[in-house]
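Working notes, beginning with the structure itself.
Residue numbers (our numbering): 11 to 202.
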């Protein structure tokens, strides 16, 4: 009813779906949890566990949620946390058999390609949040699984999250990018 009312007023609607940082799914279906090679689950911020982007069960679950939002009438589906976790202990991951011979960027891009195809069949749009640092830093992109160019080619809209605090000192020739937010955001956008 709310979406219908928004449409009556000409409001464009976006459903934000948190993708792989999903402690609820990880707890309910531990076999879908993203794990380290020692078998322990991967959490970023305490006990907020992540699920594995390479697992078909995870992809199907997220696609089902997105299609349900499209059926309700949302114009656009925006996926957030469409990446691998960052931080301590997130480099040594067991990505499972579906990831054999693939990079993290393949897992994210394959998921987005499948989701985009499913949404297009319903006439929906897809957008993805992406860390701004992956625009200019290939190694960060590979670690997070976000290949900026491949993502731009896959989704309808890209939402670069340009946080000045994420840039190292000296980035964009700025002594401390976090101390120069306008200049940092401007330089990152110019690089995209």
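Even for Gly, the Cβ is constructed at its ideal location relative to N, Cα and C.
The structure presented is a predicted model; accordingly, all values stated were derived computationally and were not measured.
Exercise for the section: Report the residue ranges of all beta strand (DSSP E) runs contained in full by the segment 77 to 102; include only those spanning at least 3 residues, in chain order. Expected result: 86 to 90
Practice task
For residue 85, collect the residues of the same chain with a Cβ closer than 8 Å to its Cβ; drop the 5 residues on either side in sequence, then sort them by chain order.
Solution key: 22, 23, 24, 134 and 135
Handout entry: residue 191 burial status per 10 Å Cβ neighbour count (16 or more: buried)
Key = exposed
Problem - Coil, strand or helix - residue 116 by DSSP - result: helix
Problem - Beta-ladder partner(s) of residue 25, from DSSP - result: 87
Practice task
For my contact list, residue 101 and residue 155 are in at a C-beta cut-off of 8 Å; report their separation, rounded to the angstrom.
Solution key: For residue 101 against residue 155, the beta-carbon gap comes to about 12 Å, at or over 8 Å, which does not count as contact.
Problem - CA nearest to the CA of residue 12, picked from 79, 46 and 63 - result: 79
Exercise for the section: Could you tell me which of 127, 48 and 158 sits nearest to residue 140, measuring between CA atoms? Expected result: The candidate whose alpha carbon is nearest that of residue 140 is 158.
Exercise for the section: Could you give the DSSP three-state label for residue 170: helix, strand or coil? Expected result: strand
Handout entry: Counted within 10 angstroms of its Cβ, other Cβ atoms place residue 171 as buried (16 or more) or exposed
Key = Result: exposed.
Exercise for the section: Determine the extent of the alpha helix (DSSP H) in which residue 197 is found, giving its start and end residues. Expected result: 191 to 201
Exercise for the section: Look at the alpha carbon of residue 193 and the alpha carbon of residue 143, and state the distance between them as a whole number of angstroms. Expected result: 14 Å
Practice task
Look at residue 61 and residue 35 and say whether their C-beta atoms are less than 8 Å apart.
Solution key: yes
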